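Presented below is the structure to which this report refers.
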Amino acid sequence: TPGDISIVVEKLLRVFMQILLVIRVKEHDLAISFATGIIAILRTMDDENYIEFLRQMDDISLHDFFLDAFGLIKDLVTIPIFSNDWSEMLLLQNSIFVRAMNKFVSRLVEDLNHFNEQSVELWQLYFECIVQFIIQPCLQLESFTANKRKRILSRYKDLRIEASNDFKTMWFCLRKFKMIDSTDL
Numbered sequence: 001t002p003g004d005i006s007i008v009v010e011k012l013l014r015v016f017m018q019i020l021l022v023i024r025v026k027e028h029d030l031a032i033s034f035a036t037g038i039i040a041i042l043r044t045m046d047d048e049n050y051i052e053f054l055r056q057m058d059d060i061s062l063h064d065f066f067l068d069a070f071g072l073i074k075d076l077v078t079i080p081i082f083s084n085d086w087s088e089m090l091l092l093q094n095s096i097f098v099r100a101m102n103k104f105v106s107r108l109v110e111d112l113n114h115f116n117e118q119s120v121e122l123w124q125l126y127f128e129c130i131v132q133f134i135i136q137p138c139l140q141l142e143s144f145t146a147n148k149r150k151r152i153l154s155r156y157k158d159l160r161i162e163a164s165n166d167f168k169t170m171w172f173c174l175r176k177f178k179m180i181d182s183t184d185l
């Protein structure tokens with residue numbers, strides 16, 4: 001039920017993310033379990049779950065959560081936790097991550113009135129994360145056979161386009177602040 005999902009999200013999502021950030025390098029098999037748990041939680045969340053989860057945090061907790069979330073996603077797409085021959089799992093993970101990043105950044109946009117130095121760090125991490133997402137090898141459809149590319153497009157669409165559109169929208173949203181350095185991207 002939606003209430004059960006909210007409880008799971010509230011009690012486990014952040015904990016799983018923090019554990020994965022710590023054990024990722026040291027305990028690969030255990031890290032896969034936590035990554036799968038995070039993906040499963042994010043997959044079950046609907047729009048209301050995202051809104052409720054992000055609204056319950058104060059500004060500092062929200063900022064820390066976004067740093068963890070964008071950092072973890074960036075890490076998982078830069079150095080995948082699942083092996084390359086798990087292409088279906090990587091695509092599922094990426095379809096869930098692109099949606100989660102969209103929901104997270106939508107919440108960030110609501111706070112643009114309070115844009116400050118800490119916001120710059122967070123937005124920079126978001127843009128780095130989304131660039132790494134777009135360029136990851138498993139999303140480079142041109143490298144697949146025509147049949148596999150067709151199957152991926154029918155099931156997941158081109159996730160790079162969705163991520164690129166989010167990037168562009170957010171970039172223009174922040175244009176008036178001129179505080180994000182694009183040379184690092």
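Mapping of the sequence shown onto UniProt numbering: residues 1 to 185, in sequence order.
From the three backbone atoms N, C-alpha and C, an ideal C-beta is built for every residue, glycine too.
These numbers come from a predicted model, not from an experiment.
Quick check on DSSP: helix, strand or coil for residue i?
i, result
"residue 1", "coil"
"residue 89", "helix"
"residue 75", "helix"
"residue 137", "helix"
"residue 83", "coil"
"residue 58", "coil"
Between residue i and residue j, is the Cβ-Cβ spacing less than 9 Å?
i, j, result
"residue 112", "residue 174", "yes"
"residue 77", "residue 132", "yes"
"residue 126", "residue 70", "yes"
"residue 13", "residue 42", "yes"
"residue 139", "residue 94", "yes"
"residue 16", "residue 37", "yes"
"residue 128", "residue 168", "no"
"residue 123", "residue 170", "yes"
"residue 54", "residue 11", "no"
Kindly give me the distance between the Cβ atoms of residue i and residue j, rounded to whole angstroms, as I take these residues to be in contact under 8 Å.
i, j, result
"residue 82", "residue 90", "6 Å"
"residue 134", "residue 160", "5 Å"
"residue 105", "residue 166", "7 Å"
"residue 96", "residue 39", "6 Å"
Where does the unbroken alpha helix (DSSP H) through residue i begin, and where does it stop?
i, result
"residue 148", "146-156"
"residue 168", "159-174"
"residue 20", "14-23"
"residue 52", "47-55"
"residue 29", "28-44"
Could you tell me whether any Cβ in chain D is nearer than 9 Å to the Cβ of residue i?
i, result
"residue 132", "Looking at the structure shown, chain D is missing, and only one protein chain is on hand."
Mind listing, in chain order, the continuous beta strand (DSSP E) runs of no fewer than 3 residues lying wholly within the segment 96-130?
none
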